[in-house]
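Here the structure comes first, spelled out in C-alpha cells, and everything after it is commentary.
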Amino acid sequence: MSKAKSFLVLVLFTVIYFFFQKTIYPALALLFWLVFAMSSAGIILNTLEFLHLPQVAMTTIAVVISGIALIMVLILVFYLGYLCSKFLKKMDKTVLGSVMTAILIYFLYKVFTETDESTAMFAPTAREIHIFCTASHIFYTVGVFFSDKVKKILDRIKFKRKK
Numbered sequence: 001m002s003k004a005k006s007f008l009v010l011v012l013f014t015v016i017y018f019f020f021q022k023t024i025y026p027a028l029a030l031l032f033w034l035v036f037a038m039s040s041a042g043i044i045l046n047t048l049e050f051l052h053l054p055q056v057a058m059t060t061i062a063v064v065i066s067g068i069a070l071i072m073v074l075i076l077v078f079y080l081g082y083l084c085s086k087f088l089k090k091m092d093k094t095v096l097g098s099v100m101t102a103i104l105i106y107f108l109y110k111v112f113t114e115t116d117e118s119t120a121m122f123a124p125t126a127r128e129i130h131i132f133c134t135a136s137h138i139f140y141t142v143g144v145f146f147s148d149k150v151k152k153i154l155d156r157i158k159f160k161r162k163k
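full-length UniProt numbering puts the sequence shown at residues 1 to 163.
Structure follows, in C-alpha cells:
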C-alpha cells in the first residue's frame, strides 16, 4: 500500500472508529443492558423475592447481572477488534498505535474532566459513558494488536482443562 493511500485509509479508519466509539458502542451497551440485564434481572429478582432476601443482596444481584451484560458487550468489542486485525495490520503499526494512544488519552481526559450531571432519570452520566468508551477502546485495541497472544493463552487453558 502506498504511503498516501495508507494515510488516507488511516484517517478514514480513525474517523469511522471514533464515531463508532463515541456513539454506537455506548448505545449498543445500553440497548444490550436494557434487553438482557433488565429482563433477566427482573425474572431472577422476582424469583428470589420469595426468599425474603435483604435489599442489599437484591441490589448486589442486580449489579452483578448488569456487570455480566456489560462484560458480554466488551467481549463483542474485543471480537470486532479481532476481526479487524488482519485489515489493520497492513498499516504502519507505529502510526496506528499512536492514533490508538491518542484516542485513549482523549477518553481518559474526558473521564476525569467530565461533570457528573445526568440528562435523564435512568440514563448513564457522561462520565459513565466515557468510562465505558475507554474500556471498550482498550478491549478493541487488545483485539487488534494482541489477539494471537490471547488466543494462545486461551488454548493453553483449554489444554490444561483436558488433562
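By construction, the Cβ of each residue, glycine as well, lies at the ideal position given by its N, Cα and C atoms. Quick caveat, the model's predicted, so the values are computed rather than measured.
Other residues of its chain near residue i: CB distance less than 8 Å, five sequence neighbours each side excluded
| i | result |
| --- | --- |
| residue 132 | 25, 26, 29, 70, 124 |
| residue 8 | none |
| residue 135 | 74 |
| residue 77 | 25, 136, 139, 140, 143 |
Spatial neighbours of residue i in its chain, beta-carbon cut-off 7 Å, leaving aside the 5 residues before and after
| i | result |
| --- | --- |
| residue 137 | 21, 103, 104, 107 |
| residue 92 | 6 |
| residue 96 | 10, 88 |
| residue 114 | 126, 127, 130 |
When the options are compared against residue i, the one with the closest alpha-carbon
| i | options | result |
| --- | --- | --- |
| residue 83 | 2, 151, 143, 19 | 143 |
| residue 94 | 145, 158, 38 | 145 |
| residue 18 | 141, 42, 66 | 141 |
| residue 66 | 86, 40, 48, 77 | 40 |
Rounded Cβ spacing between residue i and residue j (contact assumed at less than 8 Å)
| i | j | result |
| --- | --- | --- |
| residue 61 | residue 45 | 7 Å |
Proximity of residue i and residue j at Cβ, strictly below 8 Å
| i | j | result |
| --- | --- | --- |
| residue 81 | residue 139 | yes |
| residue 127 | residue 150 | no |
| residue 147 | residue 85 | yes |
Would you check if the region 4–16 and the region 93–103 touch, i.e. whether three or more CB-CB distances between them fall below 8 Å?
yes
For the region 71–89 against the region 49–59, are there 3 or more C-beta pairs whose distance is under 8 Å?
These segments do not touch.
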